[in-house]
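Visitor:
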Ligand SMILES: Cc1cc2nc3c(=O)[nH]c(=O)nc-3n(C[C@H](O)[C@H](O)[C@H](O)COP(=O)(O)OP(=O)(O)OC[C@H]3O[C@@H](n4cnc5c(N)ncnc54)[C@H](O)[C@@H]3O)c2cc1C
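In our numbering, the protein residues as written are 7 to 340.
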């Protein structure tokens, strides 16, 4: 256990907040041992790619390094694969596509750990973690007991799960088990530019590895690399409004892009709302709204978490004023 540790290398915004106590663990036994000494509050950290530290952490930060990928069950056309919570998510995707397995190729290049993936039910290019999720094992921080959560028990929603709601901060996710296809893959190229990039690559009948390659190319061209420009990906969720709110909005802004969801709500791209308020590419001191994607807030260097949060609030205020829509952060603001 180390004391007064800078978290700057451990969060992709590059915020220089400090943890009063900090330790890493690579096994359940190590986690139990560090928990015995841990001063509360305890924060389980992955790669810090979905966290904004607005203050120093007064208790203990525990960084998950539990690794390992193994096949745990085989079926005719599927496999169940279990990965350690500290594995890098993208390394798992690469392992899957290299083994010819399908199901998570659209989630290529999402930063972060496997253990954090269920927390916000990561999603991209028309796929969410819940689509391949079987179960996870988690350790209760207060008692040390380990239990299994199946898909229903996780209450997955759009960038949401029970671990962001009523069970927030109570569990450390140790491993995640996914069901991946070995054959007759359900290839999904419907979203964004995936089909166009595959055509450019000259691929007519894509395998999971081809879709992964296309997604990686798109993401590299659109999103800032956190190693070069601090960021946490999308800062806000795309708001979902009721049909009557949509009718009202449409009267004033008929060109608003929108998607009617199966639950009857209407999803509006937050990036479009932010862009309409003039934020895209705008810099305020050390922070700003990324020039290629308005949903991404960036740290140009030396920003505090408070500065980023103030920018986020200013953006949300102007969207509320202009459109009457509240933006909710996707990033965990601590
Ligand atoms: C450039 C960029 C692009 C991104 N694109 C996407 C995208 O397309 N789709 C998407 O969904 N997300 C995206 N993200 C967000 C981020 O990558 C994911 O949310 C990722 O799952 C976070 O993983 P992490 O290990 O960094 O979690 P952290 O940021 O370390 O933690 C996030 C939250 O999960 C908790 N947590 C972490 N590990 C555990 C664990 N083992 N057990 C219990 N709780 C835990 C933390 O306490 C915290 O509340 C992007 C981020 C960046 C920087």
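Even glycine gets a Cβ: it sits at the ideal position worked out from N, Cα and C.
Owing to the predicted nature of the structure, the values given are computational and were not obtained by experimental measurement.
Within the same chain, show all residues whose beta-carbon is closer than 7 angstroms to that of residue 115, passing over the 5 residues directly before and after it, in chain order.
Guide: Your numbering for residue 115 matches position 109 in the chain shown. Cβ neighbours of residue 115 within its own chain (closer than 7 angstroms, five residues either side excluded): 96, 221, 222, 225.
Visitor: Mind checking whether the beta-carbon of residue 53 lies closer than 7 angstroms to any heavy atom of ligand 1?
Guide: Here residue 53 refers to the residue found at position 47 of the chain shown. Because some heavy atom of ligand 1 lies under 7 angstroms away, the Cβ of residue 53 counts as near it: yes.
Visitor: Flag residue 305 as yes when its Cβ comes closer than 7 angstroms to any non-hydrogen atom of ligand 1, and as no otherwise.
Guide: Taking the first residue of the chain shown as position 1, residue 305 is located at position 299. Not under cutoff, so the answer is no.
Visitor: Can you grab the Cα-Cα spacing for the pair residue 173 / residue 125, in whole Å?
Guide: In the chain shown, residue 173 corresponds to position 167, counting from 1. In the chain shown, residue 125 corresponds to position 119, counting from 1. Approximately 10 angstroms between the Cα atoms of the pair.
Visitor: Please report the residue range of the alpha helix (DSSP H) in which residue 5 lies.
Guide: The requested residue 5 does not occur in the structure, where the chain is confined to residues 7 to 340.
Visitor: Relative to ligand 1, is the shortest distance from any of its heavy atoms to the C-beta of residue 237 smaller than 7 angstroms?
Guide: As a working note, residue 237 is residue 231 in the chain shown. Yes; taking the cut-off as 7 angstroms, the Cβ of residue 237 has a heavy atom of ligand 1 nearer than that.
Visitor: What residues in its chain sit with their C-beta under 7 angstroms from that of residue 291, if we drop five residues either side in the sequence?
Guide: For the purposes of this step, residue 291 is taken as residue 285 along the chain shown, with counting starting at 1. Correct list, in chain order: 313.
Visitor: Grab me the residues of residue 288's own chain with a C-beta within less than 7 angstroms of its C-beta, minus the 5 sequence neighbours each way, in chain order.
Guide: For the purposes of this step, residue 288 is identified with residue 282 of the chain shown, where counting begins at 1. Taken in chain order, the residues that qualify are 294, 295.
Visitor: Let me know the beta strand (DSSP E) ranges lying completely inside the segment 278-322, each 3 residues or longer, listed in chain order.
Guide: 293-295, 302-305
Visitor: Use the C-beta contact count for residue 261: other C-beta atoms within 10 angstroms, 16 or more gives buried, fewer gives exposed.
Guide: Locating residue 261 in the chain shown gives position 255, where the first residue counts as 1. Classification for residue 261: exposed.
Visitor: Quick one: residues in its chain with C-beta nearer than 8 angstroms to the C-beta of residue 4, no 5 flanking neighbours on either side, listed in chain order?
Guide: A query on residue 4 cannot be resolved here, the shown segment of the chain reaching from 7 to 340 and no further.
Visitor: State buried or exposed for residue 77, treating a residue as buried only when at least 16 other CB atoms are found within 10 Å of its CB.
Guide: Numbered from its first residue, the chain shown carries residue 77 at position 71. Burial call: exposed.
Visitor: Once you ignore the five residues that flank residue 279 on each side, which residues in its own chain have a CB closer than 7 angstroms to its CB?
Guide: Your numbering for residue 279 matches position 273 in the chain shown. Correct list, in chain order: 325, 329, 331.
Visitor: Alpha carbon to alpha carbon, what distance is there between residue 228 and residue 299?
Guide: Position 293 of the chain shown holds residue 299. Position 222 of the chain shown holds residue 228. Approximately 7 angstroms, taken between the alpha carbons.
Visitor: So, helix, strand or coil for residue 33, using DSSP?
Guide: As a working note, residue 33 is residue 27 in the chain shown. Here residue 33 carries a coil assignment [DSSP, helix/strand/coil].
Visitor: Closest to residue 197 by C-alpha separation, out of 102, 242, 131, would be which residue?
Guide: For the purposes of this step, residue 197 is identified with residue 191 of the chain shown, where counting begins at 1. Nearest C-alpha to residue 197 among 102, 242, 131: 131.
Visitor: Quick one, are the C-beta atoms of residue 305 and residue 59 less than 8 angstroms apart?
Guide: Counting from one through the chain shown, the residue named residue 305 turns up at place 299. Counting from one through the chain shown, the residue named residue 59 turns up at place 53. No; because the gap between Cβ atoms is not below 8 angstroms, this pair is not in contact.
Visitor: Ordered along the chain, which non-local residues of its own chain (more than five positions away) have a Cβ less than 6 angstroms from that of residue 185?
Guide: Reading the chain shown from its first residue, position 179 is the one you call residue 185. Closer than 6 angstroms at Cβ, skipping near neighbours: 84, 86, 138, 140.
Visitor: Residue 14 by DSSP, collapsed to three states: which one?
Guide: As a working note, residue 14 is residue 8 in the chain shown. Reduced to three states, the DSSP call for residue 14 is helix.
Visitor: So the candidates are 100, 142, 123, 143; which of them puts its Cα closest to the Cα of residue 134?
Guide: To locate residue 134, count along the chain shown from 1; it is residue 128. Nearest of 100, 142, 123, 143 to residue 134, Cα basis: 123.
Visitor: Short of 7 angstroms in beta carbon distance, which residues of its chain neighbour residue 136, apart from the five on each side in sequence? Order them along the chain.
Guide: To locate residue 136, count along the chain shown from 1; it is residue 130. So the qualifying residues of the chain are 127, 157, 162.
Visitor: With distance defined between alpha-carbon atoms, name the residue in 42, 89, 11 nearest to residue 63.
Guide: Counting from one through the chain shown, the residue named residue 63 turns up at place 57. Answer by Cα proximity: 11.
Visitor: Which stretch, first to last residue, makes up the alpha helix (DSSP H) that contains residue 219?
Guide: Here residue 219 corresponds to residue number 213 of the chain shown, with the count starting at 1. Its alpha helix (DSSP H) spans residues 214-228.
Visitor: Would you mind sorting residue 327 into buried or exposed? The rule is 16 or more other CB atoms within 10 Å of its CB.
Guide: Residue mapping note: residue 327 aligns to position 321 of the chain shown, counting from 1. Under this definition residue 327 is an exposed residue.
Visitor: Using 8 angstroms as the threshold, is the C-beta distance between residue 239 and residue 182 below it?
Guide: One-based indexing of the chain shown puts residue 239 at position 233. One-based indexing of the chain shown puts residue 182 at position 176. Going by C-beta atoms, residue 239 is not nearer than 8 angstroms to residue 182.
Visitor: With a threshold of 7 angstroms, establish whether the CB of residue 165 neighbours any heavy atom of ligand 1.
Guide: Stepping through the chain shown from its first residue, residue 165 is reached at position 159. True, at least one ligand heavy atom lies under 7 angstroms from that Cβ.
Visitor: Considering only heavy atoms of ligand 1, does any lie closer than 7 angstroms to the CB of residue 169?
Guide: Walking along the chain shown from the start, residue 169 turns up at place 163. Under cutoff, so the answer is yes.
Visitor: Among 21, 259, 285, 48, which residue has its Cα nearest to the Cα of residue 148?
Guide: For the purposes of this step, residue 148 is taken as the residue at position 142 of the chain shown. Residue 148 has its Cα closest to that of 48, out of 21, 259, 285, 48.
Visitor: Relative to the C-alpha of residue 201, which residue among 189, 216, 82 is closest?
Guide: For the purposes of this step, residue 201 is taken as the residue at position 195 of the chain shown. Selected option, being the one with the closest Cα: 216.
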